[in-house]
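Asker: Once you've had a glance at the structure underneath, I'll fire off some questions.
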Amino acid sequence: MVRFERAIVVGASSGIGAEIVRQLAARGCKVAAVARRLDRLQALAAEFPGLVVAFQHDVTRCNEAPAVFQEATKQLGGLDLVVYAAGVMPAVGPDEFDFEKDRQMVEANFLGAVAWLNQAAIRFQNTRQGTIVGVGSVAGDRGRRGQPVYNATKAALATYLEALRNRLSRYGVKVVTVKPGPTQTEMTASLGLKAVPTAEATARRILAKAGRTGERYLSPVHWVVFTILRNVPSPIFRRLKL
Amino acid sequence: MSGARLEPERIARLQGFGLACAADAYVVRPTTVDEVRGVLDLACQTGRKVVLRGAGCSYGDASIAPEALALDCSAMNRILAWDPATGVIDAEAGVSIESLWRTALPDGWWPPVVSGTMMPTLAGALAMNIHGKNNSKAGTLGQHVLDLEVLDGAGRSHRLTPDDEAFRAVISGAGLLGVITRVKLQMHRVTSGNLQVTPVSVGNLDAQLATFDEFEGVDYRVSWVDCFARGARLGRGLFHAASHESQPNAASLRPESQDLPSKVLGVLPKSQVWRALRALNRPLWMSRVNWAKYAASRLHGDRRPFTQGLVAFSFLLDYVPDWRRAYLPGGFIQYQSFVPLAEARRVFRAQIEMQQKAGLVSFLGVIKRHRPDDFLFTHAVDGYSLALDFKVTPQAWPRLRELCWRMNDLVIEAGGRFYFAKDSTLRPQDVCAYLGEATLKRFRDFRAELDPHGLFTSALAERVGLLPD
C-alpha cells in the first residue's frame, strides 16, 4: 500500500469510510474525518488521538464544502489523499418512484462528491501531486430495476472521476475509482446480505488499490463477473431479475 | 472555524533550492507596501501564519511553511534610484542580484557581495545576510546596506540604519522579524568586468588551508574539494584566487559581454546538460568525476592565471541551467559549517572521514574563508567553511541526517556556526548551542516588538525551535 501522510475521508462516520479512517490512522496517517454524525466521529477520533480530527459536515450542503476542506487541510498541515466515501441508498420498492429519496441520493452520492473533489482537484492540480479516491460501486455499471437512481449516481460518479483522471493525470495527480461489490455496512443492512465482505475487508482492498490511477474492481472474481454483466446486451439484461 | 477563506487557486507546492523538502502554501505576490499590509491583514483574518519568500534560493526549508500564506516579494522589483557617481542603489527589496549587476556594471559598479547564483532577491539575501567568495575581505551583504525599510508584523513601517540595533537583527533574521520592502545599498567600484583568476591544484587538506593563507588579501578565494579522496590525499582539490582587474576595460563592463554561453564545448545545448549530470549522479560515477576534475587540474592550469568575466566566476550555479534536477527525484541538501581557524583542519578532516566511513560522500565540497560580523544570527567566524552537497534518497535520508548531526557535534564543540540559508538538519539543541541563550533571548525580544501577533514563520524556524508555542 502506498504510504499517505495526510488524508481527508468524507463519509467517515460508518461503514467503509470509517474503516478507511481506521486503517490510514493505524499506519500513522493524519486523517480529517468528515461526516454528519459528530458523536460517531468523536468516537473514531478518540481511537486515534492526535491522528484523527473530526469535522461535522452534511455533504448535501455543498456550498459549505470549500470552507470545511480548507480548514481540514490547514489542521492537517497539508494533503496527499482525499477519499469520498459518503453515500446513501434508501430502500426503494420495486414500483416506487419517490423523488425525495432520489434527490437525497443525487445530493449525497454525486453532488457532494463533486463539491468535495472539485476542491481536491484545484489543490492537487496546483501542487502537482495527490490522490483522489472515489468510492463508486458495481451498481453503477448498469441501470437495474431495483435502484434506478442509486445506479445512476454511481455511474455519474464514475464518469465524473474518469474526467477528473483525464484532466489531472498530466499534473501527476492520481484519480482512482474503486467499485466495491456488496459489503456489510449500515447502508446495506436492510438488504440482509450474507457471505459478503466486511467493511474492514473492503476498506483494506480499496487502500491497496489507491496507489494506481484508474478504475478498479476489488477482486479478480468481481472483474470477471461484472465485466460480463456490463456487456450483456440490453434486451437480455432487461429480462434478468437483477 | 475562521470566517474568511483563501482563494483555493493560490495554493502551490513550494520547494527549497535543494528540491529535498516541500510544503504547500497559499502564494501571494504583492507589488506595493500597502498590498504587503493587506497580506498581513488577510493572515490575521484567516488565522494563518506568513512565510516570507524571495526567489526560493535557501537550500532547505527556510522559505517554506505548510498551509501558510507565502509572501513572495519578487514582484516588488523596481529599482527606484541609481546614482552612477556614488554607486548607491535604492531598490524595492524584491529586486534580484541579476538586476543589480545589470543596472550597475555599465557604470563601473558591481554588487559588493554576491551569492553563487544571481537569482536571489535583495530581501532574501539580506534575511539570510549572504556572503560571497570575498567574505574575508568584504564581509556580508548586510555590511554594505546604508538603510532599509521594514514592515513589521503589526503592519508598521520602520526605516532602519546601521545605527539601529534592529538593523542587525532584521538582516540575518531569516525573515522572522519583518518584511524588508526597500533597500539602499552601496555598490563596489570596478573598472573592468573581468577578474584575474589564479587556479592552484592542491594535494590535500593541509595544502588547501596553506594556499588560502598564501593568497591572503586577494579579493576572492574559494576552493573545490574532492571528498572521495582518502589518506594522504584527503581534502585535495582545486583552489581559485581572483582579483578585480585594475586596468580599465570598458568593453567588459557591457552586460552582454558577460552573458554566459548557451552551449557547452560549442555544441551541446546547456539546457540538456542536467540530463547527462543526472545519469552520472551516483557515488560510483561521481567519485570518478571528482578524480577526473582533480587530475585535469594537475595537468592544465595549475598556477597559470587566466582572465574570467565577473558573471562567469561569480555565478557558477547559473552556469548549467536546471543542474539541480540532476539530483531528482530526492533532491539534495547542502551541509555547511563554519569553523574557527585553529580547529578548521581537524574538524574538516573528521567530517570528510565520517562521510567516507558512513558511505555517504558529498559529491561536491567547497571551502571558503570567512570573517566574523555582528549580525544577530551571524553564521560567519574568523575561520573557514566547508560546504557539502549530499544527494537525498528516502532510503539514505535517516543515515544522512544522523551523519549531519554527528558532524554538528564536532562543529559546536569547536565553537563553530551554521547558516540558515543552507540548513536542512539542525535540531533545537544545536541552534541553542551555537547561537547561545543570550542571542536567542534577544531574538525573542525582537519578535515581541516586531511581530507581536506571531505571524512570521517558516518550516526551518519551527524545526529548530525558534518559535516556541
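Residue numbers (the numbering used here), protein chains in the order written: chain A, 304 to 545; chain B, 7 to 475. Beta carbons: idealized from backbone N, C-alpha and C, even for Gly. This structure is a prediction, so every number in the text was calculated from the model and none was measured.
#1: State the Cα-Cα distance for the pair residue 178 (chain B) and residue 383 (chain B), rounded to the nearest angstrom.
#2: Under a three-way DSSP split, which group does residue 139 (chain B) fall into?
#3: Thinking residue 314 (chain A) and residue 387 (chain A) are a contact (beta carbons under 8 Å), I'd like their distance in whole angstroms, please.
#4: State the DSSP-derived secondary structure class of residue 246 (chain B), mapped to helix, strand or coil.
#5: Compile a chain-ordered list of the residues in the stretch 492-520 of chain A whose CB is closer than 9 Å to at least one CB of chain B.
#6: Is DSSP giving residue 458 (chain A) helix, strand or coil here?
#7: Could you give the C-beta distance for residue 377 (chain A) and residue 41 (chain B), rounded to a whole number, given that I count them as a contact under 8 Å?
#8: Can you pull out the residues from the stretch 407-427 of chain A whose beta carbon lies closer than 7 Å to at least one beta carbon of chain B?
#9: What are the boundary residues of the beta strand (DSSP E) that residue 276 (chain B) is part of?
#10: With 8 Å set as the bound, which would you pick, yes or no: does the beta-carbon of residue 469 (chain A) sit closer than that to a beta-carbon of chain B?
#11: Using a Cβ-Cβ cutoff of less than 7 Å, which residues in the same chain neighbour residue 149 (chain B) once the five nearest sequence positions on both sides are dropped?
#12: Is residue 70 (chain B) close to chain A? Criterion is C-beta to C-beta, closer than 8 Å.
#13: Pick from A:338, A:542, A:394: whose alpha carbon is nearest that of residue 490 (chain A)?
#14: Would DSSP call residue 7 (chain B) helix, strand or coil?
#15: DSSP has residue 306 (chain B) in a bridge; who is on the other side?
#16: With C-beta atoms as the reference, is residue 483 (chain A) less than 8 Å away from residue 521 (chain A)?
#17: With a threshold of 6 Å on Cβ separation, who are the neighbours of residue 43 (chain B) within its own chain once the five nearest residues in sequence on each side are excluded?
#18: Hey, how far is the Cα of residue 340 (chain A) from the Cα of residue 357 (chain A)?
#19: Does residue 150 (chain B) come out as helix, strand or coil in the three-state DSSP assignment?
#20: Ordered along the chain, which non-local residues of its own chain (more than five positions away) have a Cβ less than 6 Å from that of residue 330 (chain B)?
#21: Suppose you measure from the CA of residue 310 (chain A) to the CA of residue 306 (chain B); what does that come to, to the nearest Å?
#22: Is residue 538 (chain A) helix, strand or coil by DSSP?
#23: Do residue 186 (chain B) and residue 132 (chain B) have their beta-carbon atoms positioned less than 8 Å apart in this structure?
#24: Buried or exposed: residue 7 (chain B), going by 16 or more other Cβ atoms within 10 Å of its Cβ?
#25: Could you confirm whether any beta carbon from chain A is found closer than 8 Å to the beta carbon of residue 395 (chain B)?
#26: Please confirm whether residue 248 (chain B) and residue 219 (chain B) have their CB atoms less than 8 Å apart.
#27: Taking 8 Å as the threshold (beta carbon to beta carbon), is residue 358 (chain B) in contact with chain A?
#28: Could you check where the alpha helix (DSSP H) with residue 440 (chain B) kicks off and where it finishes?
#29: Could you confirm whether any beta carbon from chain A is found closer than 8 Å to the beta carbon of residue 348 (chain B)?
#30: Is there a C-beta anywhere in chain B that falls below 8 Å from the one on residue 370 (chain A)?
#31: If I follow the unbroken beta strand (DSSP E) through residue 510 (chain A), where does it start and stop?
#32: Check the Cβ of residue 12 (chain B) against every Cβ in chain A and list those closer than 8 Å, keeping chain order.
#33: Kindly provide the ranges of any beta strand (DSSP E) runs that are 3 or more residues long and lie completely inside the stretch 65-106 of chain B, ordered along the chain.
#34: Going along the stretch 13-24 of chain B in order, which residues come within less than 7 Å of chain E, judged by CB to CB distance?
#35: Report yes if the C-beta distance between residue 240 (chain B) and residue 190 (chain B) is below 8 Å; otherwise report no.
Answerer: A quick look at the data gives this:
#1: 5 Å
#2: coil
#3: 7 Å
#4: strand
#5: none
#6: helix
#7: 23 Å between Cβ atoms; not a contact.
#8: 422, 425, 426
#9: Segment: none, residue 276 (chain B) is in no beta strand (DSSP E) and carries neither H nor E.
#10: no
#11: 379
#12: no
#13: A:394
#14: The pLDDT assigned to residue 7 (chain B) is 48, lower than 50, so where the model puts this residue is not dependable, and the model offers no usable value.
#15: Partner(s): none; residue 306 (chain B) has no beta bridge.
#16: yes
#17: 161
#18: 10 Å
#19: helix
#20: 25
#21: 57 Å
#22: helix
#23: yes
#24: Only weak support is given to the placement of residue 7 (chain B): the predicted model assigns it a pLDDT of 48, under 50, and the value that follows is read from those uncertain coordinates. Exposed: under 16 other Cβ atoms inside 10 Å.
#25: no
#26: no
#27: no
#28: 434-441
#29: no
#30: yes
#31: First-last for residue 510 (chain A): 502-512, but that is the alpha helix (DSSP H), not the beta strand (DSSP E).
#32: 373
#33: 75-78, 85-89, 94-98
#34: Among the chains of the structure shown, chain E does not appear; the protein chains present are A and B.
#35: no
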